[in-house]
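J.:
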Amino acid sequence: MDVSPLALTALSTAVAVEIAVAARYLARVRMPRPPVGVYTGGDIAVLCVGVVVAPLLYTALPGAAVSAVFGLVLCLAVQFTLAPLLAATGLRATPWSWAAALAGTAATALAALTGHPGGSRAGSDLLIAVAVVGVANLWTQSGLRAGHTAALAAALTAYDLAATTLTDTTARFFEQVRDRPFAPVLALTGGPQPVAAGLGDLLLLVLFPLVAAKAYGRAAAWSAALAGLLVTSAVSTCFALGLLSTGFPLLTALGPLIVAQHLYWRRRSGGERTTAQWRAGRPLPLPAPSDAQLAAALDAAAPEGTPPGSWLALGDGRVLGTGATPGRARRDAGRRGADTPTTARMV
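Adding 15 to a residue's 1-based position in the sequence shown gives its number in my numbering.
(1) Please confirm if the segment 236–256 is in contact with the segment 190–201, defined as three or more CB-CB distances below 8 Å between the two stretches.
(2) Exposed or buried, P356, counting other C-beta atoms within 10 Å across all chains shown (16 or more means buried)?
(3) Please list the terminal residues of the continuous alpha helix (DSSP H) segment that includes V145.
(4) Identify whether L301 lies in helix, strand or coil by the three-state DSSP scheme.
(5) Could you tell me if H277 is buried or exposed, where buried requires 16 or more neighbouring beta carbons within 10 angstroms of its beta carbon?
(6) So, using beta-carbon positions, are T204 and S19 closer together than 9 Å?
(7) For T179 versus P264, is the C-beta distance shorter than 9 Å?
(8) Mind checking which residues open and close the beta strand (DSSP E) that includes G162?
(9) By the DSSP assignment, the beta strand (DSSP E) with V210 in it spans what residues?
(10) Which stretch, first to last residue, makes up the beta strand (DSSP E) that contains L201?
(11) On the DSSP letters alone, give me the boundaries of the alpha helix (DSSP H) that A339 sits inside.
(12) I'd like the list of long-range same chain contacts for A35, defined as Cβ closer than 7 Å, with 5 residues on each side in sequence excluded.
(13) Taking the straight line between their C-alpha atoms, what separation do you get for A75 and G130?
(14) Contact between the segment 213–221 and the segment 168–179: three or more CB pairs below 8 Å?
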């Protein structure tokens, strides 16, 4: 396959810009939290099932119906991405965000109906780029943890490998949506072998740096972003050199890197920050205490007048807070301005 090196370079550049825009959005825009509660392992399992089942359902539908479904989803995603951004500028967010989303969707559909594939592809790419920024930020700001993201990446890696190399599920799906408006790919070229990144790949490329920034800090976010860009650039280079000639399941390389980074940063920091701690600017959780630190904490004397049966939040060999339960003792330590306690014990 003769692939333009310029198009491959442009794809890596587009991914870098997408990550940068999403990070800027995370730093500047606070999205309203949907009433979904706290993410759990069950939520991730349901999401994985949806990802697996959706292509199977879509291949049973006419191509026009699939385009209509994706067009509606993208329109909604663009609207909820733009609404808090426009609200920050003082505009009436709801009508203007809906107007922009509907205009972009209609223009893309019109370009496809009037025989302008380049315009349809550009419109679809723009809608997908905006939607990915919004979805990644919504999940991050709604409390999605790095551990859940790593689990999602691991599950999707296994599925991507099976669907792309062991079966023809992915090939049949993309054959159905190829060159159609609102196809779930960021495509820079058309034709049977486009230079493109799948929607799932792009979402995880953008999502994990945001979640890493919330959970583990700036260094982890930079590491996640650079790892994703290196994977994208390496795959592009393989296509440019002729080492790859057919669709490559990007998650087979990206997924293990996401899992490895999560395990490294969790071990190094001792745990993740919650969304509330991140918004409050709280420092990262302390690493697990050494045996010497535990011994010093256990030897620390309780404050005078502490009722029997109370819990002590301990750190640095001293009492940082007290309470009727371990959680209340830790919260008392937080109210007193202490860092995350390393352990707790009962008086």
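We treat Cβ as the ideally placed atom computed from N, Cα and C, and that holds for glycine.
T.: In short:
(1) Flag = no, the segment 236–256 and the segment 190–201 do not touch.
(2) Any reading at P356 must be qualified, since the residue scores a pLDDT of 48, below 50, and its modelled position is unreliable; no value is offered.
(3) P132 to Q156
(4) Note on L301: pLDDT 49, under 50, position unreliable in the model; the coordinate value appears next. Of the three classes helix, strand and coil, the one that applies to L301 here is coil, per DSSP.
(5) With 16 or more other Cβ atoms inside 10 Å of its own Cβ, H277 counts as buried.
(6) yes
(7) yes
(8) Not the beta strand (DSSP E): G162 falls in the alpha helix (DSSP H), residues A161 to L176.
(9) From DSSP, V210 is part of no beta strand (DSSP E); its letter is neither H nor E.
(10) Note, L201: beta strand (DSSP E), V200 to A202.
(11) Element bounds for A339: n/a, residue is neither H nor E.
(12) none
(13) 25 Å
(14) Judged by pairs of C-beta atoms under 8 Å, the segment 213–221 touches the segment 168–179, as three or more such pairs exist.
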